[in-house]
Each structure stands twice: as structure tokens, then as C-alpha cells.
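*Asks:*
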Amino acid sequence: MSIKKACVGVLILGLVHSAQAQDRLLNVSVLGIASWDEPQVGCTIVNGYRELVVLAEADTSYTDAYLEVKNLYTPNGSTLSNDDWSSLTTYQKQRILDGIGRLPKRKEDAAIVMSANDAAVCAYAYEDRAGTQAGRISVQITDITGTGRAASADTDSTINWLSGR
240 MSIKKACVGV LILGLVHSAQ AQDRLLNVSV LGIASWDEPQ VGCTIVNGYR ELVVLAEADT
300 SYTDAYLEVK NLYTPNGSTL SNDDWSSLTT YQKQRILDGI GRLPKRKEDA AIVMSANDAA
360 VCAYAYEDRA GTQAGRISVQ ITDITGTGRA ASADTDSTIN WLSGR
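For the sequence shown, the residue numbers in my numbering are 240 to 404.
1. Count the other CB atoms within 10 Å of the CB of Asn310; is the residue buried (16 or more) or exposed (fewer)?
2. Would a C-beta distance cut-off of 8 Å place Asp323 and Ala349 closer than the cut-off?
3. Within 10 angstroms of the Cβ of Ser268, are there 16 or more other Cβ atoms? Answer buried if so, exposed if not.
4. What's the gap between the Cα of Ile272 and the Cα of Tyr288?
5. Once the 5 residues before and after Thr384 are set aside, which same chain residues still bring their CB inside 6 Å of it?
6. What is the residue span of the beta strand (DSSP E) that Asp337 lies within?
7. As an exercise, report each continuous beta strand (DSSP E) stretch of at least 3 residues that is fully enclosed by the stretch 269–312, in chain order.
8. On a Cα-Cα basis, can you pick out the residue from Arg345, Lys332, Trp275 and Ile339 that is closest to Thr299?
9. Is it true that the CB of Gly316 sits closer than 8 Å to the CB of Ile380?
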């Protein structure tokens, strides 16, 4: 058996074991070079209702992250976007703190607090500055369902939704 086949077998067993021990996403993270034409992309499947925090963070002062989140089950549906996380509401910032224990590092980083219901969620992180500049950007999708104060009509109507097939 080749090393490659053995590694794939271990990965599959690990995924099956994880699925039995825990039936929900905890975190998907991607790090790499992004530009306006070539984004970093992180995706996950959401079964049932979940609250998510999606971050796009740059690691240098000359990189400005821009974030879009789409539901691939509804290609003509809504796209959520954010350029600077500081534009979020106080409630959304608190949900990020409750869910992952920190806020984005730089004001130019991007964040979206959202709910998804039976969705194929993909996050696209772009370098937002004009021209052909590229920079290192990380994308993080984290399930924060059950942490802190859940969204409801009386707490904040600014939670974004992606739902349905």
C-alpha cells in the first residue's frame, strides 16, 4: 500500500469518527495568497439551523480583506458581504466574542455574523485594494450555535440569513 493511500484511509476514518462523535462543524480555515481576481475560498455544508461567524483576516498592514459569503444551493440568491468588521452592530461584535473569544485583529479585516439553514456556505476573501496587488488572507468559518445570546427578533434584526435548497 502506498503512503498516499494510507493517508487517505486515515483521513476518511478520522472524518467518520468525527461525524459520529460530533455532528456539526466546528471550524473551517483556509490561508493563502488572494487578489481581487483570485480569492481565498472556504466552504462547508450546513445541515439544519446554525449560527456562523465568517472572518477574512490579512496578516500584513498593506492587505485589506473583503469578504463575500454565498449559498451554493441558491446560486441566484443573496450574497452577504463585508469590507471592515468595525461596521458591524454591537450585538454582532458580541456574538463574535462569545463564539470565538476574540475580534478580528485589524480594522481592515472583514467579518460576517450569520445564520444558515440547510445551506452550502462558501466564503470568498479578496484583496480589496485597487490594482493587481496580492496579499496573504485567511478565511475562517466557525459554528457559534449555542454560544452566548442567540439571535432573536427582540435582540437584533441585523443577523444575516442564508437558507434553503
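Even for Gly, the Cβ is constructed at its ideal location relative to N, Cα and C.
*Replies:* In this structure, then:
1. So Asn310 ends up on the buried side.
2. Less than 8 Å divides the Cβ of Asp323 from the Cβ of Ala349.
3. The C-beta of Ser268 has fewer than 16 other C-beta atoms within 10 Å across all chains shown, which makes the residue exposed.
4. Rounded to the nearest angstrom, the two C-alpha atoms are 32 Å apart.
5. Once the five neighbours on either side are set aside, the close Cβ partners of Thr384 are Arg289 and Glu290.
6. Unbroken run through Asp337 is the alpha helix (DSSP H), Thr329 to Ile339; no beta strand (DSSP E).
7. Fully enclosed beta strand (DSSP E) runs of 3 or longer: 279–297 and 304–310.
8. Closest in alpha carbon position to Thr299, among Arg345, Lys332, Trp275 and Ile339, is Arg345.
9. It is not a contact, given that the beta carbons lie outside the stated cut-off.
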